[in-house]
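Numbering-wise (the working numbering), the sequence shown opens with residue 58 and increments by one.
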Amino acid sequence: MSVEAQVFAALQGVAPTYPLIAPQGAGTPRITYLRVSGRQFETLANGGGAPRVRMQVDVWSDSYDQAEALAMQAKDALRAQLKVGEITDNPDEFESDTRLYRASFDAAIWP
């Protein structure tokens, strides 16, 4: 299973979850995720090491408090189902055109 599929499986229990962008008309709250970067660690013994992927997770809501609370639940869900390293919070945001709050974080994940 790809790391994206694993992330989707972990997050979908928190809120409706979509890769990259939510479809037009998607309700709130919702989660979007995307791969920010990836790295294959090489070994001297056989050349194939463990891959590490950095995923960005964005939680969208009509309420700032709900976005923050669901972001914490999303972090817990990832930790419960995947090998998660460093988690870095990104700046919170309010999008005036959609009137939605965003709580965002990056997570280093080893599939």
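Where is the CB? At the ideal position from N, CA and C, for every residue including glycine.
Nearest residue (CA-CA) to GLN69, options VAL114, GLY82, ARG96 and ARG92: The sequence position of residue 69 within the sequence shown is 12, counting from 1. Taking only the C-alpha atoms, the option nearest GLN69 is VAL114.
Assigned exposure category for TRP117 - 16 Cβ within 10 Å defines buried: Locating residue 117 in the sequence shown gives position 60, where the first residue counts as 1. TRP117 comes out buried.
Sequence-distant residues of the same chain with beta carbon closer than 7 Å to SER120, five excluded per side: In the sequence shown, the residue the question calls residue 120 occupies position 63. The beta carbon of SER120 lies closer than 7 Å to those of TYR158 in the same chain, with the five residues before and after it left out.
Rounded distance between the beta-carbons of ASP163 and VAL93, thought under 8 Å: Counting from one through the sequence shown, the residue named residue 93 turns up at place 36. Counting from one through the sequence shown, the residue named residue 163 turns up at place 106. Confirmed, Cβ separation roughly 6 Å.
Pair within 8 Å by beta-carbon distance, ALA67 and ALA126: What you label residue 67 is simply residue 10 of the sequence shown in a count that begins at 1. What you label residue 126 is simply residue 69 of the sequence shown in a count that begins at 1. Cβ distance not < 8 Å, so ALA67 and ALA126 don't count as in contact.
Sheet register partners of GLN113 (DSSP bridge): Counting from 1 along the sequence shown, the entry for residue 113 is found at position 56. Its beta-bridge partners are LEU91 and ASP163.
Nearest to SER59 (by Cα), restricted to the options ARG156, THR85 and GLY95: Within the sequence shown, residue 59 is the residue found at index 2, counting from 1. The shortest C-alpha separation from SER59 is found at GLY95.
C-alpha distance - TYR75 paired with ALA62, whole-angstrom precision: Taking the sequence shown and counting its residues from 1, one reaches residue 75 at position 18. Taking the sequence shown and counting its residues from 1, one reaches residue 62 at position 5. Computed Cα separation, rounded: 11 Å.
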